[in-house]
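Contents: one structure, followed by commentary.
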Ligand SMILES: [Zn+2]
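Residue numbers (my numbering): 33 to 401.
This is the structure:
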């Protein structure tokens, strides 16, 4: 019988390198930024328990591990994650960018503990955290997420599945044609690269949804894995579906995309709120000075990382306010933000997803249209 495998390995690799080429073309992921800063991080063991290049798993403390992605080496996981376990049970975090990514983390989990995985949790609905969700149902693992994750995934990614690619990308193509400056054109090209990638990822996976929806009104939820207290909490800011997992006694927080470490935050979501996010970061800053944060993207950080991100939000806010006062319309402000020296090394996933999105939100919060 003939093989019916839809992809050969060669095809897969060429797809993967096309993805990297697109990102590189877009200037979306300056390659060294996510890969250089892990060594010398005193917040976890220096030697990973596993390292596949695209991601490595590090021990933070007994029963707590962080999975840190390195997007310069591939898009299997894309986001960070991790897991926590006690003597009775364990919880793994994030669905990652592909089922291969969530599998990778599950394998790492089983390397370090015999405790059964009693739950998986996704910190929000975005593609880079959820396209690999299918692994959990396939392994009979109860899957937790904000109550709106399924709905938002269907709206955003279900609508891409089977859709006409050219028609879907047409508005982004049009933005390139209509760009009124080289800078605007470059930003629009980068955004098209990112949107194309999301479209292709959504069309290569089966969407899978949490079967234990978490109602934010009923959080925090206290979880006992037989070791230390864990609390599952909701905060506003990044996506309207953001959940964090905190081990207060261990002073470790899995913050999802409420924390971007050494990177520009993604602010495109219709439920992203800049004021809400800044308040959330203020709360994080009020926690113990020795807290370790595992961010959604970038290296593990402490309170210094929260401060840097707050400074970045201040800069976005100040530049937006200045442009707004000077009468710069949003359509221009979208592209005119200037990355200051302090944040020059911070990767921007895609301009419109990060900075353009932030300008639009900030203008809206100032009452402009
Ligand atoms: Zn996100």
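For every residue, glycine included, the Cβ atom is placed at its ideal position computed from N, Cα and C.
Spatially closest choice to residue i from the options, by CA coordinates
{"i": "residue 197", "options": "346, 224, 215 and 342", "result": "224"}
{"i": "residue 180", "options": "226, 191, 245 and 138", "result": "245"}
{"i": "residue 422", "options": "325, 277 and 297", "result": "With the chain running from 33 to 401 in the structure shown, residue 422 is simply not present."}
{"i": "residue 172", "options": "192, 148 and 357", "result": "148"}
{"i": "residue 187", "options": "157, 108, 169 and 253", "result": "157"}
{"i": "residue 92", "options": "370, 282 and 341", "result": "282"}
{"i": "residue 145", "options": "228, 275, 81 and 337", "result": "81"}
{"i": "residue 214", "options": "154, 176, 368 and 194", "result": "368"}
{"i": "residue 76", "options": "191, 374, 90 and 83", "result": "90"}
{"i": "residue 184", "options": "242, 102, 216 and 297", "result": "242"}
{"i": "residue 217", "options": "176, 383 and 393", "result": "383"}
{"i": "residue 343", "options": "364, 359 and 297", "result": "297"}
{"i": "residue 153", "options": "341, 395 and 265", "result": "265"}
{"i": "residue 240", "options": "176, 269, 205 and 208", "result": "176"}
{"i": "residue 141", "options": "94, 129 and 130", "result": "94"}
{"i": "residue 307", "options": "339, 182, 340 and 348", "result": "348"}
{"i": "residue 74", "options": "331, 251, 131 and 83", "result": "331"}
{"i": "residue 131", "options": "170, 251, 199 and 249", "result": "170"}
{"i": "residue 339", "options": "370, 364, 375 and 195", "result": "375"}
CB contact flag (residue i, residue j, <7 Å)
{"i": "residue 391", "j": "residue 366", "result": "yes"}
{"i": "residue 127", "j": "residue 99", "result": "no"}
{"i": "residue 279", "j": "residue 260", "result": "yes"}
{"i": "residue 112", "j": "residue 328", "result": "yes"}
{"i": "residue 189", "j": "residue 234", "result": "yes"}
{"i": "residue 273", "j": "residue 356", "result": "no"}
{"i": "residue 96", "j": "residue 284", "result": "yes"}
{"i": "residue 337", "j": "residue 293", "result": "yes"}
{"i": "residue 385", "j": "residue 325", "result": "no"}
{"i": "residue 312", "j": "residue 267", "result": "yes"}
{"i": "residue 333", "j": "residue 393", "result": "no"}
{"i": "residue 87", "j": "residue 104", "result": "no"}
{"i": "residue 150", "j": "residue 133", "result": "no"}
{"i": "residue 269", "j": "residue 253", "result": "no"}
{"i": "residue 231", "j": "residue 192", "result": "yes"}
Cβ separation of residue i and residue j, assumed to be a contact under 8 Å, to the nearest whole Å
{"i": "residue 258", "j": "residue 160", "result": "Actually they do not touch by this definition, with Cβ atoms about 31 Å apart."}
{"i": "residue 295", "j": "residue 372", "result": "The pair is not a contact, with the Cβ atoms about 15 Å apart (cut-off 8 Å)."}
{"i": "residue 309", "j": "residue 345", "result": "7 Å"}
{"i": "residue 220", "j": "residue 211", "result": "5 Å"}
{"i": "residue 275", "j": "residue 155", "result": "5 Å"}
{"i": "residue 228", "j": "residue 201", "result": "6 Å"}
{"i": "residue 123", "j": "residue 255", "result": "7 Å"}
{"i": "residue 114", "j": "residue 85", "result": "Contact doesn't hold; Cβ gap of about 18 Å is too wide."}
{"i": "residue 314", "j": "residue 335", "result": "Their Cβ separation, rounded to whole angstroms, is 12 Å, which puts residue 314 and residue 335 out of contact at 8 Å."}
{"i": "residue 358", "j": "residue 395", "result": "Not a contact, Cβ separation roughly 13 Å."}
Distance cut-off 6 Å: residue i Cβ against heavy atoms of ligand 3
{"i": "residue 339", "result": "The model depicted lacks ligand 3 and carries ligand 1 instead."}
Sequence-ordered residues whose beta carbon comes within less than 5 Å of a heavy atom of ligand 1: After applying the 5 Å Cβ criterion, the set is 158 and 289.
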